[in-house]
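A.B. asks:
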């Protein structure tokens, strides 16, 4: 079934525009998870969990876009993981005093989710470019980024309206 041209932007049909908007929302979720996880965890733990984005990216690139796993990439992931492990050995009970185990676990899971989302968005973006069956040009990439950023902005604005965050701003 051929996707119809919606005239949304120069190089995209409706399906590609929807996919780009969905990727923008995934990016917002990744940023939210990362921010919440970082606020609930010590910097050392948060950084260690953020370093897991590289194995996630490699795994998702292999599964989604069938990218080959090379010795060099595997070596880089092993070295990064070993480096993170060495840093982890130096951390002795880094949970802040007064912080509940529930909040620590929430921060841990949010940081891990952020790393997984950060790892899945680039392969999905690559898959979108591949499925578009068009030459990847500079304007095409900019249009994709514009759609992603616009959808992310709309998503955040709607969430702030629902949460009544704008009421905290006072006029001068």
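In my numbering, the protein residues as written are 13 to 184. Beta carbons are placed, not taken as given, at the ideal position from N, Cα and C, and that holds for glycine. This one's a predicted model, so the numbers in the text were calculated from it and none came from an experiment.
#1: Taking contact to mean at least 3 C-beta pairs separated by less than 8 Å, is the segment 153-162 in contact with the segment 86-97?
#2: Looking at C-beta atoms only, is the number of pairs between the segment 126-137 and the segment 25-39 that lie closer than 8 Å three or more?
#3: How about the segment 159-179 and the segment 65-84: do they share at least three Cβ pairs that are nearer than 8 Å?
#4: For residue 83, count neighbouring C-beta atoms within 10 Å of its own C-beta (all shown protein chains included) and say buried if the count is 16 or more, exposed if not.
#5: Roughly how many angstroms separate the alpha carbons of residue 109 and residue 118, rounded to a whole number?
#6: Quick check on DSSP: helix, strand or coil for residue 53?
#7: Can you tell me where the alpha helix (DSSP H) with residue 175 in it begins and where it stops?
#8: Mind reading off the beta-carbon distance from residue 52 to residue 115? Whole number of angstroms is fine, and I expect it under 8 Å.
#9: Just to confirm the assignment, what range does the alpha helix (DSSP H) spanning residue 63 have?
#10: Can you give me the Cβ contacts of residue 30 inside the same chain, cut-off strictly under 6 Å, excluding the 5 residues immediately before and after it?
#11: In three-state DSSP terms, what is residue 114?
#12: Give the C-beta separation of residue 68 and residue 127 to the nearest angstrom, bearing in mind that I take them to be a contact with Cβ-Cβ under 8 Å.
#13: For residue 87, which three-state DSSP category applies?
#14: Would you check if the distance between the CB atom of residue 58 and the CB atom of residue 50 is smaller than 8 Å?
#15: Going along the chain, which residues of its own chain have a beta-carbon closer than 8 Å to the beta-carbon of residue 85, five neighbours each way excluded?
C.D. replies: In brief:
#1: no
#2: yes
#3: no
#4: exposed
#5: 16 Å
#6: coil
#7: No alpha helix (DSSP H) contains residue 175, which DSSP labels as neither H nor E.
#8: 5 Å
#9: Neither: residue 63 is in no alpha helix (DSSP H) and is coded neither H nor E.
#10: none
#11: helix
#12: 6 Å
#13: helix
#14: yes
#15: 70
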